[in-house]
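What follows is a single structure, written as structure tokens, with notes after it.
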Amino acid sequence: MDQFTLNLLFVGASFALYIGIAVWARAGSTSEFYAAGRGVHPVTNGMATAADWMSAASFISMAGLIAFTGYDNSSFLMGWTGGYVLLALLLAPYLRKFGKFTVSEFIGDRFYSRTARMVAVVCLLVASITYVIGQMQGVGIAFGRFLEIDAFWGLLIGACVVFAYAVFGGMKGVTYTQVAQYCVLITAYTIPAIFISLQLTGNPIPALGLFGEHTASGEPLLVKLDQIVTDLGFREYTAAHGSTINMVLFTLSLMIGTAGLPHVIMRFFTVPRVSDARWSAGWTLVFIALLYLTAPAVGAMARLNISELMWPNGTDGEAVSVEAIETDPEYAWMATWEKTGLLGWEDKNGDGRIQYYNDGNADLQAKAEANGWEGNELTNFNRDILVLANPEIASLPGWVIGLVAAGGLAAALSTAAGLLLAISSAVSHDLLKGQLTPNMSEKNELLAARLSMAAAIVVAVLLGLNPPGFAAQTVALAFGLAAASIFPALMMGIFFGRINNIGAVAGMLAGLIVTLLYIFLHKGWFFIPDTNMFTDADPLLGPVQSTSFGAVGAMVNFAVAYVVSSMTKEPPQEIKDLVQSVRIPRGAGAATDGH
Amino acid sequence: MSQDKDNNAYWSANVRIILISLVIWALVSFGFGIVLRPMLSGISVGGADLGFWFAQQGSILVFLALIFFYAWRMNKLDREHGVEEE
Chain A
0 MDQFTLNLLF VGASFALYIG IAVWARAGST SEFYAAGRGV HPVTNGMATA
50 ADWMSAASFI SMAGLIAFTG YDNSSFLMGW TGGYVLLALL LAPYLRKFGK
100 FTVSEFIGDR FYSRTARMVA VVCLLVASIT YVIGQMQGVG IAFGRFLEID
150 AFWGLLIGAC VVFAYAVFGG MKGVTYTQVA QYCVLITAYT IPAIFISLQL
200 TGNPIPALGL FGEHTASGEP LLVKLDQIVT DLGFREYTAA HGSTINMVLF
250 TLSLMIGTAG LPHVIMRFFT VPRVSDARWS AGWTLVFIAL LYLTAPAVGA
300 MARLNISELM WPNGTDGEAV SVEAIETDPE YAWMATWEKT GLLGWEDKNG
350 DGRIQYYNDG NADLQAKAEA NGWEGNELTN FNRDILVLAN PEIASLPGWV
400 IGLVAAGGLA AALSTAAGLL LAISSAVSHD LLKGQLTPNM SEKNELLAAR
450 LSMAAAIVVA VLLGLNPPGF AAQTVALAFG LAAASIFPAL MMGIFFGRIN
500 NIGAVAGMLA GLIVTLLYIF LHKGWFFIPD TNMFTDADPL LGPVQSTSFG
550 AVGAMVNFAV AYVVSSMTKE PPQEIKDLVQ SVRIPRGAGA ATDGH
Chain B
0 MSQDKDNNAY WSANVRIILI SLVIWALVSF GFGIVLRPML SGISVGGADL
50 GFWFAQQGSI LVFLALIFFY AWRMNKLDRE HGVEEE
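What follows is the structure in structure tokens.
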């Protein structure tokens, strides 16, 4: 059986599984369909939330970014897990006690203002649509590889599949489908990692293998890796190279953003009890940590494998020959990935070999001159292909490759569909029915929901054609926006009783606008190339890159809300009572639908 | 009125636990993982240094411990102040 058929089989089987479970679970009860998690054990809920949360950015993109940058991209690891501490300590139990279903409802009620609710909806839409762009990038790459076509066509086909998937389901609502998606995703991620860790270090646990010994050389894996990459003129893997301030702000942005994204917070509204909301956050992080502890090992080991494939006789020997790339089955992955347009090489000096090195490095330029190299010949290596290509790079069996394709799609589809549902309910429920046309019929509301879903996909695809970075970087921008707008409003709503309606609205708007401006100034207006005035290599504010600005935006939000609130009228007594009641677990009934 | 007073005591105890937890949260990630990494460079962990380990694995493990500690501690505090769910 060839690889293409095998991929098709795995992807097909995983889809059949999700649909089968959805149909089976639906027969049970319809209320479960709307309030996923109610009456579900915190462990099960944690697993489902983890599937909802881990997207193309975590699965497909993150390890690739770590592989090519090393230590500096540890921000992704700390940021996307540390946010759960904020969520568990500062938001989840209180929002559960509040007992409604959506984030904008809490903001609208706590700040006794329809304007506040509308502003929250706008913030959610901006962050969610940016997030979907990142997902679509991942979907495009996964489909491109799996159907062996250009990533652009992969993106279009992926968009249709995501749309069908989201419209078919409130599939997101079915906890057990997500449990299945989690199982597929985590198996697909860890199995190749275990194989590779065994090959390189003899340790079956990748997280331990990363700090273990490289069997072939007898040196610690990370020492070996540092040595190989510096030999090729790249920067040391384990050392810090970027600005410390930027790394702190970037990590903080990702953390705050995690605690400000609607589709994750919503999961904690519907757990049975306040104490379950606390446990649930912990269990979610357990299941996320399984992938996040493996990811840095995947990155480091893949970097080692790629370097050794390009230099089969060591960095002092001869580079790999073009002939080997074209005929040797060990290099077959390069030809398949070339079809997606995401990998490319060119024998610039015509010596029949492909030299992969950093041609910007002075030492290597001298070496290149001595050996007659004319620049780096592995001309294109998109970071986002690394995880999907990883099992092929390590020459693992065909079924592992099929499994990873299924896992990548599970990650991208579950999150994309979840976000689209959040977007459509925000438009149809909060914006149209809640504000503009309150008398809309149920049927029209549903129609509006579908249309807004379609519109969101079209926008995401258009903006995704010129993505502002690799998938995980695009997603990081979405986190920055959520960090600057939603998280501060929620936290102040619970912890600072003095913040009033005007303060909250001013804070959210200020945070959202400065962050959006900063991003557009660096990434181009609406991400259109060449409309940017600054670059992330030389940002407007010292070392602060656009992906890190969310933390600054959040501080602006806090400051503006505080100052404006202290200059205007105190919140009324019933709001003070509401804040008091949210803080005390006793008396939490089941979450009620307040519409 | 005494219920109100007790609720306030409950809330300030909660805020204290949150603050302590957040100090640890910041120390392992922003501290050991990033800013203080140069100071820890003498302690080696499997081919790299302690700061690298905290940045790539250690902080995640501490985050997990923190959330479970908080859940356990707060459920106890709820009962001590009689505000647990019925």
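Residue numbers (numbering that gives the first Met the number 0), protein chains in the order written: chain A, 0 to 594; chain B, 0 to 85. Heads up, the beta-carbon is just placed ideally off N, CA and C, and yes, glycines get one too.
Open item on the list: Using a Cβ-Cβ distance cut-off of 8 Å, determine whether glycine 281 of chain A contacts chain B.
Closed with: Interface residue, yes.
Task: Exposed unless 16 or more other CB atoms sit within 10 angstroms - verdict on alanine 470 of chain A - done: Looking at its Cβ environment, which holds 16 or more other Cβ atoms inside 10 Å, alanine 470 of chain A is buried.
- [ ] Using the Cα positions of serine 54 of chain A and threonine 293 of chain A, report the straight-line distance between them to the nearest angstrom.
- [x] 15 Å
Open item on the list: Can you check whether the C-beta of methionine 490 of chain A is within less than 8 Å of a C-beta belonging to chain B?
Closed with: No, no contact with chain B.
- [ ] Go ahead and label histidine 428 of chain A buried or exposed: buried means 16 or more other beta carbons lie within 10 angstroms of its beta carbon, across all protein chains shown.
- [x] buried
Open item on the list: Three Cβ pairs or more, each shorter than 8 Å: is that satisfied between the region 242-253 of chain A and the region 41-56 of chain A?
Closed with: Flag = no, the region 242-253 of chain A and the region 41-56 of chain A do not touch.
TODO: Return no unless some Cβ of chain B is closer than 8 Å to the Cβ of alanine 587 of chain A.
DONE: yes
- [ ] Identify each residue in the region 228-247 of chain A for which the Cβ-Cβ distance to at least one residue of chain B is less than 8 Å, and report them in chain order.
- [x] Thr237, Ala239, Thr243, Met246 and Val247
Task: Exposure of cysteine 159 of chain A, with buried meaning 16 or more beta-carbon neighbours within 10 Å - done: exposed
Open item on the list: Given the structure, does alanine 404 of chain A come close to the ligand SAH, in the sense that its CB is under 7 Å from one of the ligand's heavy atoms?
Closed with: Among the components of this structure there are no ligands whatsoever, and the ligand SAH is therefore not found.
Open item on the list: Spatial neighbours of valine 460 of chain A within its chain, please: C-beta separation below 8 Å, excluding the five flanking residues on both sides.
Closed with: Met135, Leu154, Leu155 and Ala158
TODO: Rounded to whole angstroms, what's the CA-CA distance from threonine 174 of chain A to alanine 416 of chain A? Just pull it up for me.
DONE: Roughly 14 Å separates the two Cα atoms.
- [ ] Use the C-beta contact count for glycine 57 of chain B: other C-beta atoms within 10 angstroms, 16 or more gives buried, fewer gives exposed.
- [x] It is buried - the Cβ of glycine 57 of chain B has at least 16 other Cβ atoms within 10 Å.
- [ ] Return the chain-ordered list of same chain residues with a C-beta closer than 7 Å to the C-beta of aspartate 225 of chain A, the five sequence neighbours on each side being excluded.
- [x] Around aspartate 225 of chain A: Glu235, Tyr236 and Thr237.
Task: According to DSSP, residues forming a beta bridge with histidine 213 of chain A - done: Note: histidine 213 of chain A sits in a beta bridge opposite A/Glu218.
Open item on the list: Here's the rule: buried if 16 or more other CB atoms are within 10 angstroms of the residue's CB, otherwise exposed. What is tryptophan 310 of chain A?
Closed with: buried
Task: Neighbour list for methionine 73 of chain B in chain A, Cβ cutoff strictly below 7 Å - done: Residues of chain A passing the Cβ test: Arg277.
- [ ] Thinking leucine 385 of chain A and alanine 301 of chain A are a contact (beta carbons under 8 Å), I'd like their distance in whole angstroms, please.
- [x] About 6 Å separates the CB atoms of leucine 385 of chain A and alanine 301 of chain A; that is less than 8 Å, so the two are in contact.
Open item on the list: Just verifying my parser: in three-state terms, what is the DSSP assignment at arginine 352 of chain A?
Closed with: Shown here, arginine 352 of chain A sits in a strand according to DSSP, grouped into three states.
Open item on the list: Which residue wins for smallest C-alpha separation from threonine 595 of chain A, given the options A/Tyr188, A/Ser565, A/Val504 and A/Gly549?
Closed with: Given a span of 0 to 594 for chain A in the structure shown, any question on residue 595 of chain A remains unanswerable.
Task: Close Cβ partners of isoleucine 59 of chain A (< 8 Å) along its chain, the five nearest in sequence each way excluded - done: Gly137, Ile140, Ala141, Asp383, Val386, Leu387, Gly407, Ala410, Ala411 and Ala470
Task: Interface partners of methionine 532 of chain A on chain B, CB under 7 Å - done: Ordered by position in chain B, no residue passes the 7 Å Cβ test against methionine 532 of chain A, which lies about 29 Å from the chain.
TODO: Closer than 7 Å by beta-carbon distance: list the chain B residues that pair up with methionine 77 of chain A, in chain order.
DONE: Within chain B, the C-beta atoms nearer than 7 Å to that of methionine 77 of chain A come from Ser28, Gly32, Ala54 and Ser58, in chain order.
TODO: Could you check if alanine 369 of chain A is buried or exposed, using at least 16 other CB atoms within 10 Å of its CB as the buried criterion?
DONE: exposed
Open item on the list: Please report the distance separating the alpha-carbon of glycine 502 of chain A from that of valine 166 of chain A.
Closed with: 38 Å
TODO: Count the other C-beta atoms from every protein chain shown that fall within 10 angstroms of the C-beta of phenylalanine 29 of chain B, then say buried if there are 16 or more, exposed otherwise.
DONE: Buried.
Task: Beta carbon proximity, glycine 302 of chain A to chain B, threshold 8 Å - done: The residue you asked about is not glycine; residue 302 of chain A is arginine in the sequence shown. Using beta-carbon distances, arginine 302 of chain A does not count as an interface residue toward chain B, since no partner is under 8 Å.
TODO: Going by CA-CA distance only, name the one from A/Ala50, A/Ala66 and A/Met46 that's closest to glutamine 55 of chain B.
DONE: A/Ala66
TODO: Could you round the C-beta distance between leucine 5 of chain A and tryptophan 398 of chain A to whole angstroms and report it? I think they count as a contact, below 8 Å.
DONE: Confirmed, about 6 Å.
Task: The alpha helix (DSSP H) enclosing glycine 133 of chain A, as first and last residue numbers - done: 113-145
Task: Close Cβ partners of serine 216 of chain A (< 6 Å) along its chain, the five nearest in sequence each way excluded - done: Its chain contains Lys223 as the residues whose beta carbon lies nearer than 6 Å to that of serine 216 of chain A, once the 5 sequence neighbours on both sides are disregarded; these appear in chain order.
Open item on the list: Determine whether the beta carbon atoms of proline 219 of chain A and glutamate 212 of chain A lie at a separation below 8 Å.
Closed with: yes
Open item on the list: Can you check which of these residues, A/Phe557, A/Tyr111 and A/Val84, is closest to phenylalanine 495 of chain A by C-alpha distance?
Closed with: A/Phe557
Open item on the list: Run through the DSSP bridge pairs and tell me what leucine 318 of chain A is partnered with.
Closed with: One point to set straight first is that residue 318 of chain A is alanine, not leucine, in the sequence displayed. Alanine 318 of chain A is not bridged to any residue.
Task: Distance between asparagine 304 of chain A and glutamate 329 of chain A (C-alpha atoms, nearest Å) - done: Approximately 12 Å, taken between the alpha carbons.
Task: Any 3 or more C-beta pairs closer than 8 Å across the region 16-35 of chain B and the region 79-88 of chain A - done: yes
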